[in-house]
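**Student:**
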Amino acid sequence: MSSLPKGWVGISISDVADVKGGKRLPKGGGFSEVETSYPYIRVSDFDNGTVNTQKLKFIDRETHLAISNYVISSNDLYISIAGTIGLVGDIPKTLDGANLTENAAKLCNLHILNKDFLKYFLQSPSALQQFIDKTTSSGQPKLALFRIKDCSLGLAPLAEQKRIVEKLDEVLAQVDTIKARLDGIPSLLKRFRQSVLASAVSGKLIAVKTPSLMTIGDVSEDIRYGTSKKCDYKGGDTPVIRIPNIGDRKLDISDLKSADFTEKELEKLALKSGDLLVIRSNGSLDLVAKPALVESQYEGFLYAGYLIRIRCDREKVIPSFLLNVLSSRVVRNVVELGARSTSGVNNINSKELSALEFVLPSLEEQKEIVRLVDQYFAFADTIEAQVKKAQARVNNLTQSILAKAFRGELVPQDPNDEPADKLLERIAQARSEAEALAKATKKALSAKNAVKKKAQKV
């Protein structure tokens, strides 16, 4: 361990806490279908430093008694040790005595030490790096109990622990507030974009002089389903656009497959710049009729059967304008209301797509509307990019603050504090006394049960 602040002492977790594992359900045991007095806490219940009780599972009394030695209390800390490694937190008092999954461990018998000081340390870069280094990765990642016990940390004087915890509570609460505000911005931008599209297709973005009520079919040269031929990652010479390639208003070819086609198939189904591709069938309703514009670099690609190609009549409609129409909430509401569901899959066919109505301005008005939509969307995209950078900085900020705290740099030190080595002696004595008391209690209980059994035989 690097040099520690004056008054601190280097220790292992085993010097201040016992580390004990949870227990899987016994063979033949299962969760109760009704709520009982015996909650069973899983890693999936760990949430933001506490336990989310919304989907908490319960076991019956018989199952609880079979694994009753593997419970956790509000005096302990939990830590996940399988799959997702290093989730740390407290147990609410309402879950005192709950059973704990075998995929987690508890840090218990915490005497004198400030429990929140240890909890914050377990979330710090120093602890997380030690967990990563000590995790076995054959199959599901696992962190052995003895490796947690061996995890090293700097123990601060008790009074300084309190100051560190109070400062971390204050500063990290501010970080959480900033993070929550940043996390809310993308949904605001989504609503902003939809508001822009709603104005664009309703004739409110600019004053439309001669609006006409038209259908998709009225402004299309051709509306056609794609190929049913099977494609693969090494399937042939011609790339095939599939549902996963329909991105946010444009194509995403990061997961592209291909196949070989005849000249006739290529002539009939090859994409051209300005074509629109629309998802016609999907289990998710909000993806049905989701559109993407084909750009020039994708000319000659083909498209799969779960997509519909719209080839625009350029004398009537600008492809980018029709993209805005299909992306708007106005048209989405009609699509989602009319989409048919077969065995859990939602569908729209070419006839239904062709019949969708919208307000069509003149070509010059369409150009201006497209220009304004692009301008507003670019503005939103710039803000979104800035938000993502800010979110990354905030996420790093928490770890930076924790690292600073456990280097002894977050709060001032007081030379009058009891040194940590003296504290460690008191902790060791308290743990020894608690262990002796536990043994005596167990022995007394065993003797009492023996007398009781003997009396029953008589």
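For the sequence shown, the residue numbers in our numbering are 1231 to 1688. For each residue, glycine too, the CB sits at the ideal point set by N, CA and C.
#1: Have a look at Q1359 and S1382 and give me their C-alpha separation to the nearest angstrom.
#2: Should P1322 be labelled buried (16 or more other beta-carbon atoms within 10 Å of its own) or exposed?
#3: Does the stretch 1327-1345 come close enough to the stretch 1263-1278 to have 3 or more Cβ pairs within less than 8 Å?
#4: Mapping the DSSP letters down to three states, classify N1579 as helix, strand or coil.
#5: At what residues does the beta strand (DSSP E) containing S1310 begin and finish?
#6: Which residue marks the beginning of the alpha helix (DSSP H) containing T1628, and which one marks its end?
#7: Residues bridged to R1479 by DSSP?
#8: Determine contact between the stretch 1573-1587 and the stretch 1506-1513, defined as no fewer than three beta-carbon pairs at a distance below 8 Å.
#9: What does a CB cutoff of less than 8 Å around S1432 pick up in its chain, not counting 5 residues either side in sequence?
#10: Comparing C-alpha positions only, which one of T1440, Q1391, G1530 sits nearest to L1653?
#11: Using the C-alpha atoms, what's the distance from E1263 back to A1664?
#12: Using CA atoms only, rank isn't needed, just tell me which of G1258, K1678, K1487, S1298 is closest to P1474.
#13: Hey, would you say A1357 sits closer than 9 Å to G1638, going by beta carbons?
#14: Would V1301 and L1330 qualify as a contact pair, given that the criterion is a beta-carbon distance under 9 Å?
#15: Going by DSSP, what residue range makes up the beta strand (DSSP E) through S1382?
#16: Please classify I1378 as buried or exposed, where buried requires at least 16 neighbouring CB atoms within 10 angstroms.
#17: Thinking G1259 and A1296 are a contact (beta carbons under 8 Å), I'd like their distance in whole angstroms, please.
#18: Could you check which residue in A1620, S1557, V1617 has the C-alpha nearest to that of V1603?
#19: Following the continuous beta strand (DSSP E) through A1334, name the residue where it begins and the one where it ends.
#20: Using only the alpha-carbon positions, how far apart do F1491 and G1466 sit?
#21: Under the assumption that V1518 contacts S1503 (Cβ atoms under 8 Å), give the Cβ distance between them as a whole number of angstroms.
#22: With C-beta atoms as the reference, is T1628 less than 9 Å away from V1395?
#23: Give me the residue from S1304, L1427, G1313, V1401 with the minimum Cα distance to R1693.
#24: Distance, Cα to Cα, R1454 vs L1496?
#25: Using 8 Å as the Cβ pair cut-off and three pairs as the minimum, do the stretch 1606-1616 and the stretch 1408-1425 touch?
#26: Under a Cβ-count criterion, where at least 16 other Cβ atoms within 10 Å of its own Cβ denotes burial, should Y1463 be classed as buried or exposed?
#27: Any idea what DSSP makes of L1537, helix, strand or coil?
#28: Any idea what DSSP makes of R1656, helix, strand or coil?
#29: In angstroms, rounded to a whole number, what distance separates the CA positions of A1534 and L1506?
#30: Less than 7 Å between C-beta atoms, sequence neighbours within five positions excluded: which residues of the same chain meet that for P1649?
#31: If we count the other Cβ atoms within 10 Å of its Cβ and call it buried at 16 or more, is K1349 buried or exposed?
#32: So if DSSP puts A1666 in a beta bridge, which residue, or which two residues, is it bridged to?
#33: Give me the Cα-Cα distance between V1449 and E1587, rounded to the nearest whole angstrom.
#34: For G1319, write down the residues that DSSP places opposite it in a beta bridge.
#35: Are the CB atoms of D1346 and D1306 nearer to each other than 9 Å?
#36: What ranges does the beta strand (DSSP E) occupy inside the stretch 1379-1444, keeping only unbroken runs of at least 3 residues that lie completely in it?
**Tutor:** According to the data block:
#1: Distance from the CA atom of Q1359 to the CA atom of S1382, rounded to whole angstroms, is 11 Å.
#2: Exposed is the call here.
#3: By the criterion of at least three beta-carbon pairs nearer than 8 Å, the stretch 1327-1345 is in contact with the stretch 1263-1278.
#4: Looking at N1579 - three-state DSSP - the assignment turns out to be coil, as it is neither helix nor strand.
#5: In the DSSP annotation of this structure, the continuous segment of the beta strand (DSSP E) that includes S1310 starts and ends at 1307-1310.
#6: Start and end: 1593-1635.
#7: Note: R1479 is bridge-paired with A1522 in the DSSP secondary-structure output.
#8: Verdict: yes, contact present.
#9: Counting only Cβ-Cβ distances below 8 Å, and skipping sequence neighbours, we find V1560, V1589.
#10: That would be Q1391, whose Cα lies nearest to the Cα of L1653.
#11: The straight-line gap from Cα to Cα measures roughly 38 Å.
#12: Taking only the C-alpha atoms, the option nearest P1474 is K1487.
#13: Judged by their CB atoms, A1357 and G1638 are not nearer to each other than the 9 Å cut-off.
#14: Cβ distance < 9 Å, so V1301 and L1330 count as in contact.
#15: Following the DSSP letters along the chain, one finds S1382 inside the beta strand (DSSP E) bounded by residues 1382-1385.
#16: I1378 should be labelled buried.
#17: Yes, they are in contact, since the Cβ atoms of G1259 and A1296 sit about 7 Å apart, within 8 Å.
#18: Comparing C-alpha distances from V1603 to each of A1620, S1557, V1617 shows the shortest one belongs to S1557.
#19: Start and end: 1334-1338.
#20: Rounded to the nearest whole angstrom, the CA to CA distance from F1491 to G1466 is 8 Å.
#21: Wrong, their Cβ atoms sit about 25 Å apart, outside the cutoff.
#22: Against a cut-off of 9 Å, the Cβ pair of V1395 and T1628 comes out as no contact.
#23: Because the chain in this structure spans residues 1231 to 1688, residue 1693 falls outside the shown range and cannot be described.
#24: Roughly 13 Å separates the two Cα atoms.
#25: Contact between the stretch 1606-1616 and the stretch 1408-1425 is present, with at least three C-beta pairs closer than 8 Å.
#26: By the neighbour-count rule (16 or more Cβ atoms within 10 Å), Y1463 is not buried but exposed.
#27: In the three-state reduction of the DSSP assignment, L1537 falls in the strand class.
#28: R1656 falls in the helix class under three-state DSSP.
#29: A1534 and L1506 have their alpha carbons spaced roughly 13 Å apart.
#30: Correct list, in chain order: G1237, P1387.
#31: Buried, because 16 or more other Cβ atoms sit within 10 Å of the Cβ of K1349.
#32: Answer by DSSP bridge pairing: none, since A1666 is not bridged.
#33: When rounded, the separation of the alpha-carbon atoms in V1449 and E1587 is 11 Å.
#34: Per DSSP, Y1308.
#35: At the C-beta level, D1346 and D1306 stay beyond 9 Å of one another.
#36: As far as the stretch 1379-1444 is concerned, its whole beta strand (DSSP E) runs of at least 3 residues are 1382-1385.
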